[in-house]
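Note sheet for the following structure.
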Amino acid sequence: IQSGQISSKVSSTDFKTLNDKVGNLQAGSRNLVVDGDANAYGATPWGNTTFRTHLYYYNSTKLMFVIDTSAKTELTAGCPNWFPVKAGHQYTLYFNGFMSSNVSSYDVWLLGKQADAQGIYTDNYQIITGERLDPSHNCIVTRTFTVPSSWSNYVAYIRFDNNGSTDGKSAVLFFNEVSVKEGNINTGYSPAPEDSIALIKKNTTAIDQTNKQISLKADQTEVDKVKQTASQNSSQLNVMANEIKSKVTS
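Residue numbers for the sequence shown, in my numbering: 1 to 250.
As structure tokens, this is what we get:
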């Protein structure tokens, strides 16, 4: 009986613990970072970055953002858009990345300000502090963080810092597929709606242009047919005219 009671108690405790954990999980929503993928349609390099390929990332078939510096001081790169954040809410950062062995370390910051404020950020929250990425293969990095409770009615953006070269030579931080989503569950990378809309517009434009070309080609085909018929009719009329002339003469 005691054994059964203990088993029941343990099972009940385990269930409550599991239930609490599941109850606290929040699925990620839309990606808030525009231009988070260097391969997206219309993507442009973030400030202080370039686009490059590397064997570690899709066998050099896809682009990545690169912060390259030989200085011992940091070089930073922020995403191009401000996005709204909710004070006290959890968000999950996701990205792919690696670095050369002579990068001292890297940081990732959330930089914020009041939504109606002009100019640069006024507050900061450090998501990743002085860490290193493996220099021998691509890494998938995720961090769940809580926006400061004082950030009411704030907008923010993500910034990556290459904290400098250890030997005065080119020190390179690669990253791509950057996303920030509300919630504490990592759902991987997905493009921001703005990036998806840009791609849809591109495809729609391409379809419209193709349809126009087909229409123009069809119209030209009709014109060619009319010209050919007119030419044939003209030839027949010339023959008839010659026959009539011949009969009148004779």
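Note that beta-carbon positions come from the ideal geometry of N, C-alpha and C, so glycine has one too.
Computed from a predicted model, the values in this text were never measured in an experiment.
Does residue i come within less than 7 Å of chain C when only Cβ atoms are used?
{"i": "residue 69", "result": "Reference to chain C is not applicable here, since this structure consists of a single protein chain."}
Mapping the DSSP letters down to three states, classify residue i as helix, strand or coil.
{"i": "residue 179", "result": "strand"}
{"i": "residue 232", "result": "helix"}
{"i": "residue 224", "result": "helix"}
{"i": "residue 59", "result": "helix"}
{"i": "residue 131", "result": "strand"}
{"i": "residue 185", "result": "coil"}
{"i": "residue 195", "result": "helix"}
{"i": "residue 79", "result": "coil"}
{"i": "residue 90", "result": "strand"}
{"i": "residue 44", "result": "coil"}
{"i": "residue 72", "result": "coil"}
{"i": "residue 122", "result": "coil"}
{"i": "residue 117", "result": "coil"}
{"i": "residue 173", "result": "strand"}
{"i": "residue 66", "result": "strand"}
In whole angstroms, what separates the C-alpha of residue i from that of residue j?
{"i": "residue 185", "j": "residue 120", "result": "30 Å"}
{"i": "residue 31", "j": "residue 116", "result": "22 Å"}
{"i": "residue 164", "j": "residue 70", "result": "7 Å"}
{"i": "residue 136", "j": "residue 166", "result": "18 Å"}
{"i": "residue 139", "j": "residue 190", "result": "17 Å"}
{"i": "residue 58", "j": "residue 98", "result": "13 Å"}
{"i": "residue 123", "j": "residue 52", "result": "32 Å"}
{"i": "residue 62", "j": "residue 118", "result": "36 Å"}
{"i": "residue 87", "j": "residue 176", "result": "27 Å"}
{"i": "residue 35", "j": "residue 127", "result": "20 Å"}
{"i": "residue 82", "j": "residue 42", "result": "18 Å"}
{"i": "residue 44", "j": "residue 193", "result": "16 Å"}
{"i": "residue 261", "j": "residue 188", "result": "Nothing in the structure corresponds to residue 261, since the chain is present only between 1 and 250."}
{"i": "residue 56", "j": "residue 179", "result": "20 Å"}
{"i": "residue 50", "j": "residue 197", "result": "24 Å"}
{"i": "residue 133", "j": "residue 60", "result": "19 Å"}
{"i": "residue 151", "j": "residue 73", "result": "29 Å"}
{"i": "residue 114", "j": "residue 149", "result": "13 Å"}
Considering only the beta carbon of each residue, do residue i and residue j sit closer than 7 Å?
{"i": "residue 46", "j": "residue 77", "result": "yes"}
{"i": "residue 252", "j": "residue 40", "result": "Here the chain comprises residues numbered 1 to 250, so residue 252 is not present and cannot be evaluated."}
{"i": "residue 102", "j": "residue 75", "result": "no"}
{"i": "residue 106", "j": "residue 161", "result": "yes"}
{"i": "residue 157", "j": "residue 85", "result": "no"}
{"i": "residue 251", "j": "residue 131", "result": "Missing from the structure shown is residue 251; the chain here goes from 1 to 250 and no further."}
{"i": "residue 89", "j": "residue 147", "result": "yes"}
Per DSSP, residue i is paired with what?
{"i": "residue 165", "result": "103"}
{"i": "residue 255", "result": "Because the chain is modelled from 1 through 250, residue 255 falls outside the range shown and cannot be assessed."}
{"i": "residue 142", "result": "94"}
{"i": "residue 112", "result": "123 and 156"}
{"i": "residue 52", "result": "64"}
Any heavy atom of the ligand NAD inside 6 Å of the beta-carbon of residue i?
{"i": "residue 54", "result": "The ligand NAD is absent from the structure shown, which contains no ligand whatsoever."}
When the Cβ atoms of the stretch 57-67 are set against those of the stretch 156-175, are three or more pairs found closer than 8 Å?
-> These segments touch.
Contact between the stretch 81-94 and the stretch 137-147: three or more CB pairs below 8 Å?
-> The stretch 81-94 vs the stretch 137-147: in contact.
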